[in-house]
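Engineer:
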Amino acid sequence: MVKATEPTDGRQPRASHIEAVDMRYVTQMMEQLQQGYIKSVAATAGLAVEIVPVDVYGYDVRLIRPPSDPLDEEAAVLAQLKCTTQIIPDQSREYFSYQFTKRQYFDHLVKPRKYPKAILIVMTAPPRQAEWTEVTHGGLWTRRSCFWVSLEGAQADPSIRKPSVRIPIKNRVDAESLTKILAKIDRGESLND
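Just so you know, we're using full-length UniProt numbering here: the sequence shown kicks off at 1 and counts up by one.
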């Protein structure tokens with residue numbers, strides 16, 4: 001079972017370390033970056049992405065896989081997107097820690113859900129906005145990656161205002177992982193396995 005804790009690494013507020021093109025809009029640009037990443041990877045997996053226009057329930061996108069048979073149901077998963085410039089995942093470790101900025105973001109993800117299931121997707125990006133992407137003749141490169149975790153059933157002491165959770169390094173968001181997530185949902189399997 002996943003358990004959330006208070007952060008122990010003493011991270012500073014976002015504005016203290018980001019080198020933004022325009023600090024007034026950096027949060028919106030981080031959202032746009034992660035949406036672009038998710039849309040690109042989802043397109044590769046044959047999934048549709050719906051941006052959730054109103055953040056009432058703590059979810060930013062819905063990923064939908066069409067059924068192989070037109071008479072079957074589609075599969076879908078909700079995702080809460082977060083982007084951080086304070087973390088560089090160490091590939092030699094099993095996980096990295098991510099701290100929520102508000103308790104309610106954590107609470108939306110931990111409640112048991114019948115359908116659709118929900119996941120947290122955390123994007124790690126360089127602190128210098130100009131380094132987020134690079135265009136070459138070989139393609140468009142996005143610096144760093146997104147990682148996912150299911151927090152359904154996780155617990156945190158009610159007094160913790162900004163819980164931290166562990167994100168497995170093996171859970172990189174790519175076309176294969178999104179396909180596997182939706183296949184598990186189709187089969188009624190837990191995403192925590």
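Don't be surprised by glycine CBs; every beta carbon is placed ideally from N, CA and C.
What would DSSP say about L78, mapped onto helix, strand or coil?
Structural biologist: If DSSP states are grouped into helix, strand and coil, L78 belongs with the strands.
Engineer: What is the DSSP secondary structure of A45, reduced to helix, strand or coil?
Structural biologist: Three-state result, A45: helix.
Engineer: Sort P158, K114, A79, Q91 by Cα distance to V122 and report the nearest one.
Structural biologist: Nearest option by C-alpha distance: A79.
Engineer: What are the residues that DSSP puts in a beta bridge with M23?
Structural biologist: Partner(s): none; M23 has no beta bridge.
Engineer: So, with DSSP's three-state summary, where would you put residue 233?
Structural biologist: No information on residue 233 is available, as it lies outside the stretch 1 to 193 that the chain covers here.
Engineer: Leaving out the 5 sequence neighbours to the left and right, which residues in its chain are closer than 7 Å to V49 when beta-carbon positions are compared?
Structural biologist: Only I38, K39, A42, V61, L63 meet the Cβ criterion.
Engineer: A75 and D174 - do their beta-carbons sit closer together than 8 Å?
Structural biologist: Cβ atoms of D174 and A75: not closer than 8 Å.
Engineer: Within 10 Å of its beta-carbon, does V165 have 16 or more other beta-carbons around it, so buried, or fewer, so exposed?
Structural biologist: Buried is the call here.
Engineer: Return helix, strand or coil for G139, following the three-state DSSP convention.
Structural biologist: Strand at G139.
Engineer: Restricting to runs no shorter than 3 residues, where is the beta strand (DSSP E) found entirely within the region 126-191?
Structural biologist: Correct list: 133-136, 139-142, 146-149, 164-168.
Engineer: Go ahead and label M23 buried or exposed: buried means 16 or more other beta carbons lie within 10 angstroms of its beta carbon, across all protein chains shown.
Structural biologist: Classification of M23: exposed, given that the 10 Å Cβ count is below 16.
Engineer: Taking the Cβ atom as the reference point for each residue, do R143 and A125 lie within a distance shorter than 8 Å?
Structural biologist: Closer than 8 Å, so yes.
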